[in-house]
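Quick notes on the structure that follows.
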Amino acid sequence: MAAGDSYDDAIAALSDLLKDKAELGSLAAAKIKQLTADLEAAGSTPFNPDDRIRTGFDHFKKEKFEKNPDLFGELAKGQSPKFMVFACSDSRVCPSHVLDFQPGEAFVVRNIANMVPPYEKTKYAGTGAAIEYAVLHLKVENIVVIGHSCCGGIKGLMSIPDDGTTASDFIEQWVQICNPARSKVKGGAGDSSFSDQCANCEKATVNVSLGNLLTYPFVREAVVSKKLALKGAHYDFVKGSFELWDLDFKVTPPVSLI
Amino acid sequence: MGSPGFTQQLNKSKLETLSKAEDRCDIFDILKNRFLSFKSKYIENVEQFENLAKAQAPKFMVIACADSRVCPSNILGFQPGEAFVIRNVANLVPTFESGPSEVNAALEFAVNTLQVENILVIGHSCCGGIRALMSMEDDANGSFIHNWVIVGKNARKKTEAAASTLSFDDKCRHCEKESINHSLVNLLTYPWIEEKVANGKLYVHGGYYDFIKCSFEKWTLDYQGTKLEEDGRIAAKNKVLWC
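Which chain is which? The protein sequence lines are A and B, in order.
The opening residue of the first sequence carries number 1 in full-length UniProt numbering; numbering runs sequentially from there.
The opening residue of the second sequence carries number 1 in full-length UniProt numbering; numbering runs sequentially from there.
The structure is reproduced here in structure tokens:
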């Protein structure tokens, strides 16, 4: 190690400087704090993905699987969840955390910005397949579409320039499924800030998705015959709130006009 | 945020599930209480959560089935912030060339924006989607399920070639695993994924969860050892089985 590289020499040089220029003291303190944090991070053991998921699996097996043999015995034979949930892929909003869904309770689709595209048999067959399976085979009783705060997908939708130019291969094309929500929010925006507009859009896209659910004939039929309820929701992890609302859809009794 | 403890603490060891709830009101009361519990024990009490609310930096992207029994947060203990998750029927990944789908937008975001270090595709036992793939007639009626699971048709062909003498159930099980590897191959058709894998910045893994035995198999794509032009198969390394 060259003489100029020793830790003691470096500290001595810093002390001399601060004797001359005491006003640099708080700047030096901030930089030293950052340096300490960086060195701590560099010195810690590198992340091992195998270890991380092994720990998680062992914990699940010991604390849940082995302690609930009746439940997991039944689940091994089949599933009958009461819920289908659309949630965002965002790492912070898993429905198993936020609503503590246990194994067997919810059939969950997760995608960017928790969107439901309208009925389209080829382009978005994945969504159709999931809804078809949930409604016709699993016979879920509720479909809940859950939006959330600080959604990157919604921000992306709101950031697309008005002339429609896109920069990504797939992301912008996907989020434009909910263009009607973007138009509605921008139309009524007035003076609101961009982040307020995004927050409004998070809820407006849930409603567009609920409307899109009704474009699937098997969903319409189940809703009309009251076997299925559609609900929208918004999880705000900044405020710590969870809002839930119904898509109200009913056929009222006929009223005679004569 | 490494330990699986945080959200597991919310649960008593005996799970009370929604199947015991009597009606819709009851169910939503239960969910409300669960959210309030999550809020008080996690959002309000964990310091890291404030940072998480500002930005996410997950190290994993997980592609798992929508099946209610296989949520990666439950079976692998992922905590909030750890895994960006796609869930669809039969945990399938279509190719880059097949055009728009739910999956490729999420792949693009996770790999190019979030810059995850690991992609993990998790298949599982008794998968209804794989069963549908294996049962499909060629002239099937073009239902949604048919139009989606056909993404996995090469996995079915390989299964029929390799496992023709097995029972239908065993063929389905074989296909569940074959399909995971087929999804790993399909991941490499995305240029920005292949580039990062080739440069060692991104690792691609397969996993198989058997919920009858409660075991988990995991393997990693060996990019250097994979010669797709020769036999269309991936080479795997670091194979483990936890049971």
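Where is the CB? At the ideal position from N, CA and C, for every residue including glycine.
Residues of its chain near residue i, where Cβ-Cβ distance is below 7 Å and the 5 sequence neighbours each way are ignored
i	result
I75(B)	Y209
K155(A)	C198
L166(B)	H174
I53(A)	none
V116(A)	F86, T127, V145, S209, N212, L213
P81(A)	G104, E105, A106, F107, L138, V140
A189(A)	Q197
V224(A)	V251
R92(A)	F237
V85(B)	V62, A64, P72
Min CB distance residue i to chain B below 9 Å
i	result
G164(A)	no
F60(A)	yes
G147(A)	no
D50(A)	yes
Q173(A)	yes
N142(A)	yes
C198(A)	no
G187(A)	no
N179(A)	no
K123(A)	yes
R54(A)	yes
S168(A)	yes
is_contact[residue i, chain A] using C-beta, thresh 9 Å
i	result
K218(B)	yes
E117(B)	yes
G123(B)	no
A53(B)	yes
I43(B)	yes
D67(B)	yes
I27(B)	yes
G2(B)	Residue confidence is low: G2(B) scores 42 on pLDDT, short of 50, so the model does not pin down where it sits. Its coordinate-derived value is still stated next. With 9 Å as the cut-off, G2(B) counts as an interface residue toward chain A.
V185(B)	no
D79(B)	According to the sequence as given, residue 79(B) is Gln; it is not Asp. At least one chain A Cβ lies under 9 Å of Q79(B).
F168(B)	no
E102(B)	yes
Collapsed DSSP secondary structure at residue i in the structure displayed
i	result
M136(B)	coil
A235(B)	coil
S241(A)	strand
A130(A)	helix
L241(B)	strand
I143(A)	strand
V185(B)	helix
T7(B)	Confidence at T7(B) is low in this model, with a pLDDT of 49, below 50, so the placement of that residue is unreliable and no value is reported for it.
C7(A)	The amino acid at residue 7(A) is misidentified as Cys; the sequence shows Tyr. In this structure, Y7(A) counts as helix in the three-state DSSP scheme.
T113(B)	helix
N68(A)	coil
I160(A)	coil
V135(A)	helix
8 Å Cβ shell around residue i - same chain, five flanking residues per side excluded
i	result
Q79(A)	G104, F107, L138
V149(B)	V89, A90, L92, G129, I130, A132, L133, M136
L24(A)	L17, L18
F49(B)	Y42, I43, P80
L75(A)	P103, G104
Where residue i falls, given that 16 or more other Cβ within 10 Å makes a residue buried
i	result
V255(A)	exposed
L228(A)	buried
W245(A)	exposed
C94(A)	buried
P191(B)	exposed
P217(A)	exposed
K196(B)	buried
C201(A)	buried
D67(B)	buried
M1(A)	Summary for M1(A): the model assigns pLDDT 46, below 50, so the residue's position carries little reliability; its value from the coordinates is reported in the next sentence. Exposed: under 16 other Cβ atoms inside 10 Å.
D100(A)	buried
A13(A)	exposed
I27(B)	buried
N48(A)	exposed
Residues near residue i in its chain [Cβ-Cβ closer than 6 Å; skip 5 each side]
i	result
G153(A)	I112, A113, V175
A3(A)	Bear in mind that a pLDDT of 47 at A3(A), under 50, signals an unreliable position, so the number given afterwards is only what the model happens to contain. Closer than 6 Å at the Cβ level, and outside the excluded window around A3(A), lies no residue.
E117(B)	K59
F96(B)	T189, Y190
F216(B)	Y209, W242
residue 264(A)	Lying before the first or after the last residue shown, residue 264(A) is absent from chain A, which here runs from 1 to 258.
L202(B)	K196
L221(B)	L184, V204, I234
Which residues DSSP lists as bridging residue i, in chain order
i	result
I145(B)	None, per the DSSP bridge assignment.
L120(B)	V62(B), H205(B)
G152(B)	DSSP lists no partner for G152(B).
F216(B)	Y209(B), W242(B)
is_contact[residue i, chain D] using C-beta, thresh 9 Å
i	result
S195(A)	Absent from the structure is chain D; the protein chains it does hold are A and B.
Closer than 8 Å: residue i CB and nearest the ligand MG heavy atom
i	result
P253(A)	The ligand content of the structure shown is nil, which means the ligand MG is not present either.
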